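Data block below; observations after.
2 protein chains.
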Amino acid sequence: MDDVAKHAGVSRALVSLVMRDSPRVSDHSRTKVLASANELGYRPNVWARNLASGQTNTIGVMLNDFNNPYFAELAYGVAESATENGMEVLFTSGWQREAGELAAIDTLLNHRPDGIVLGAARIADDLFFDIAAQVATVAVSNFSRPDSMDTVCNDEAFGADLVVEHLTSLGHTRIAHIDAGSSPGGPQRRRGFSHAMAARGLAPIVFEGDYNEQAAHDASVQLMSLKEPPSAIFAANDLAASGVIAHLRDTGVSVPGDVSVVGYDDTVLAGLGAISLTTVAQPMKLAGRRSTELLVERIGGRDVAKHELLRPELVVRSTTGPVAQ
Amino acid sequence: MDDVAKHAGVSRALVSLVMRDSPRVSDHSRTKVLASANELGYRPNVWARNLASGQTNTIGVMLNDFNNPYFAELAYGVAESATENGMEVLFTSGWQREAGELAAIDTLLNHRPDGIVLGAARIADDLFFDIAAQVATVAVSNFSRPDSMDTVCNDEAFGADLVVEHLTSLGHTRIAHIDAGSSPGGPQRRRGFSHAMAARGLAPIVFEGDYNEQAAHDASVQLMSLKEPPSAIFAANDLAASGVIAHLRDTGVSVPGDVSVVGYDDTVLAGLGAISLTTVAQPMKLAGRRSTELLVERIGGRDVAKHELLRPELVVRSTTGPVAQ
DNA sequence: CTGAAAGCGCTAACAA
DNA sequence: TTGTTAGCGCTTTCAG
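Protein chains in written order, with numbering that gives the first Met the number 0: chain B, 0 to 324; chain V, 0 to 324.
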C-alpha cells in the first residue's frame, strides 16, 4: 500500500479510501491511484482488511449437496444478488451427510463471513440457534422457525395442489403419491397432496418412498400391483419420478398412455428430451436472491426474523395426459 | 485469547501453541487450555492467524459450473483429500461464463488460499500464467501445459478408443461421432475417435455438435438423413447423447435396436433408470484427489510442474447392442 | 485531501 | 515449557 501511495504520489490514507470505494475522493486521484495499483499488481490483503474493519463483505453458503441441480439454482440466485450488492460468495458442501454439513459450516464460520445461508441443512435445531448466534443466518427449505434466523421456504402445499388440479382436470381420480418420508419438505408435500385430494372428494393414495430412484421404483412396484392401480402417480421429486417411469416402461406400461407421472423440482433431468417430465418448478433462484437480500438487511441491522414462502409453478411436459378410457 | 490464557492460568503464547496443535505442549496444559477455550466459546480468528502466519490452510476451487455432476465429483475428490491433509476447501463457480470465471477466481484470490484448483476453466492461457504466479495452481481438464502449473487431465483418446472398441465388437462399422467442437476436451475426443476408427480400417464419420442437447439433436437430424445412416452414434457427452436419443425416439428409431448410442462422462443422468446410457466414466473424484495432492506437494516446496493423465472406463448400460441385421 | 498514531488478534523468534 | 517482543497490512480516528 505504501508502494502504491508513493508511486501515485499520494498518502497511504488516500489509497485506502480509494480501495474502499469511498465517495469522497476526487476522480482525478482515484484514477491515478487505481492506475498505480494496477501497474504494481497490488491487491488489497483481505485478511488485514477484515482484521482491521471487522467485516468481510463475503457471504458463505452451505449446500447440502453439490450434485443436486436444485441447489445449483439456489447457489446461482445467491451469487447473482450478492454481486449486485457488492458482496462475494463462498460455498461449501455437506456431501449429503450430517457430519459433512457440520464441517462445512465450521469452515464457513472459520472464515467469518458477514452472513451465511444454509441450504436444506439437516442439522439439529439447537445447532441452528448456535450458528445464528454467531452470524446473520438464513435457512432455506427448513420448516422449523426459530426466531433467531430468517427462513425461505417453498409453499409445498400449493405445489401439491397444482399437481392434483392438473391431474384431475385431465380426468384422473385414482391418483397416488409416492412421498419422501420425513426428508425435508416431504411431510409438507404429503399433507398438501392429501388436502388437495380431499378437497376434491377424492381418496388420497400414499406410499412411502424417498428422494431417490430406488425407493420410488420399489413403491411403484407395490402401487401397480394393487387391485385397482392408479392412473396417475405424483412422485416425491424428479429423481423419484425417473425411477417410476423406468419401472413402468420395463413392465410395458405406457407413459402417459396408461399412467401419467409427475415429478417435483424441475431439475435438469425433467427437461431432458429423453424424459420430458411434467413437474413442479420451485423458484430456487428466487429463493437464493431473497436469501441474500434478507442477509443484507440483517447485516444492515434488522433484528426481527422474517419468514418467506415462495410459490412454485407447474411445468407441463410429456408424461401427463388424459386418463385412459 | 488473553481471556482464555487468564482463565486457564497460563500464558497467551501457550494458548497459541495449543491452538496450532504444536507437539511441544504438555498434555496437562493442553487439556486445560482446550477446556477453557471451549467454556469461553473461543474460536481462533483466522484473519489474524493468516495475517500473522501468511498461511490459510485452505485451498480454493473454481468450478466452471455447479450444475454439472462432472464437477460435483471433482469437488468431492478435492474435499475428501483436503480433509485428510488437514486443509479446508472453499468453492466458487464461474456460472458457465468466462466473466463469471474471472470473478470467481478473483474472489478466491482475494481470500488468498494456499493453493487453487481450476476446474475446466475456459480462460485464456496467459491468465493462467498470471494466476499461477500468485499462488500454487493446478488446472483440471485443461490441455495447455504451461510449466508454471500442474495439470490433471483425462486420457480422452483412450476413452474414445474404448467406445470404438465396444461398438466394433458388437459388429458396428458405420459409427458416427457428434463432437464438441473446440470446447475443452472436444478436439482430444474427436482425434481419439478418428484414430481409433482408422486403426480398425474404418472411416470416421464426424459431425459438429457441442456439450448440450440441442446441438446434438441437430447433428443427429443431419446424421440420420444420410443415404447410409450410421448404426451407432458416439455423442460428445451424456447430455448430447440424451439429445440424440430424444430425436431417435421421436422419429421412431429404436435404441439400441436400430441405432446404438454412447455418451461420455457417466453423469447421474446416464445412470437414470429412464435413460440407462452406455457411457465413458471419467475418474473425476480421483482427479480431485490428485489435484489436492499436487497442491500439497507444491505448497511443500516442489517447483517443477507435474502433468497427470487419468484413464477413463467404459460403462455398458442399455443403449448399445449388436448391429441390426 | 493528508499525516500520524493506535490497534484489529494472532504468530514467530528468542530468551528465560 | 513459558513469557516477551515485534510485527503481519490494513482501517479508523483525528487534527490539520
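Backbone N, C-alpha and C define an ideal beta-carbon position, used for all residues, glycine too. Predicted, not measured: the structure shown is a model, and the values here were computed from it.
For residue i, I'd like the list of residues in its chain whose CB is within less than 7 Å of its CB, leaving aside the five on either flank, ordered along the chain.
| i | result |
| --- | --- |
| B/Ile104 | Met61 and Ile130 |
| V/Glu292 | Ser80 |
| V/Ser241 | Glu212, Leu268 and Ile274 |
| V/Glu155 | Gly184, Gln187, Arg188 and Gly191 |
| V/Tyr210 | Ala179, Ser182, Ala235, Asn236, Leu238 and Ala239 |
Can you tell me whether residue i is helix, strand or coil according to DSSP?
| i | result |
| --- | --- |
| B/Asp265 | coil |
| V/Asn44 | coil |
| V/Glu227 | coil |
| B/Asn141 | coil |
| V/Thr150 | strand |
| V/His6 | helix |
| B/Glu307 | strand |
| V/Thr277 | strand |
| B/Ala135 | strand |
| V/Ile174 | strand |
| B/Ile104 | helix |
| B/Ala234 | strand |
| V/Ile244 | helix |
| V/Leu285 | helix |
| B/Ile122 | coil |
| B/Phe206 | strand |
| B/Ala26 | According to the sequence provided, residue 26 of chain B is Asp. The question's Ala does not apply to it. Looking at B/Asp26 - three-state DSSP - the assignment turns out to be helix. |
| V/Ala51 | helix |
| B/Leu271 | coil |
| V/Gly184 | coil |
| V/His165 | helix |
| V/Tyr129 | In the sequence as displayed, the identity of residue 129 of chain V is Asp instead of Tyr. Looking at V/Asp129 - three-state DSSP - the assignment turns out to be helix. |
| B/Arg297 | helix |
| V/Asp1 | helix |
Have a look at the DSSP bridge pairing and note the partners of residue i.
| i | result |
| --- | --- |
| V/Glu87 | V/Thr57 |
| V/Ile115 | V/Gly59 and V/Thr136 |
| B/Val260 | B/Ile232 |
| B/Leu313 | B/Val279 |
| B/Val14 | DSSP output for B/Val14 lists no bridge partner at all. |
| B/Ser92 | B/Leu62 |
Can you tell me whether residue i is buried or exposed, with buried defined as 16 or more other CB within 10 angstroms of its CB?
| i | result |
| --- | --- |
| B/Gln281 | buried |
| V/Ala138 | buried |
| B/Pro22 | exposed |
| V/Asn49 | buried |
| V/Val32 | buried |
| B/Pro311 | buried |
| V/Pro255 | buried |
Can you confirm whether residue i, when its beta carbon is compared against all beta carbons of chain V, has any partner nearer than 8 Å?
| i | result |
| --- | --- |
| B/Ala234 | no |
| B/Val267 | yes |
| B/Val279 | no |
| B/Glu38 | no |
| B/His110 | yes |
| B/Ser241 | yes |
| B/Tyr75 | yes |
| B/Pro282 | no |
| B/Asn49 | yes |
| B/Phe65 | yes |
Kindly list the residues whose CB is nearer than 8 Å to the CB of residue i, restricted to its own chain and excluding five residues on each side of it in sequence; keep chain order.
| i | result |
| --- | --- |
| V/Asn63 | Phe70, Ser92, Gly93, Gln95, Glu100, Gly118, Ala119, Ala120 and Arg121 |
| B/Ala245 | Glu212 and His216 |
| B/Ala132 | Ser147 |
| V/Asn56 | Gly85, Met86, Glu87 and Asp113 |
| B/Ile174 | Val163, Leu166, Thr167, Met196, Leu201, Pro203, Ile204, Pro229, Ser230, Ala231, Ile232 and Phe233 |
| V/Leu16 | Arg23 and Val24 |
| V/Pro43 | Met0 and Met18 |
Would residue i pass as an interface residue toward chain B - the criterion being a Cβ-Cβ separation below 8 Å?
| i | result |
| --- | --- |
| V/Thr91 | yes |
| V/Ala198 | no |
| V/Asn211 | no |
| V/Asn84 | no |
| V/Thr106 | yes |
| V/Phe206 | no |
| V/Pro68 | yes |
| V/Val258 | no |
| V/Glu100 | no |
| V/Gly118 | no |
Near residue i, which residues of its chain fall below 6 Å by C-beta distance, leaving aside the five closest residues on each side in sequence?
| i | result |
| --- | --- |
| V/Thr277 | Val261, Val315, Arg316, Thr318 and Thr319 |
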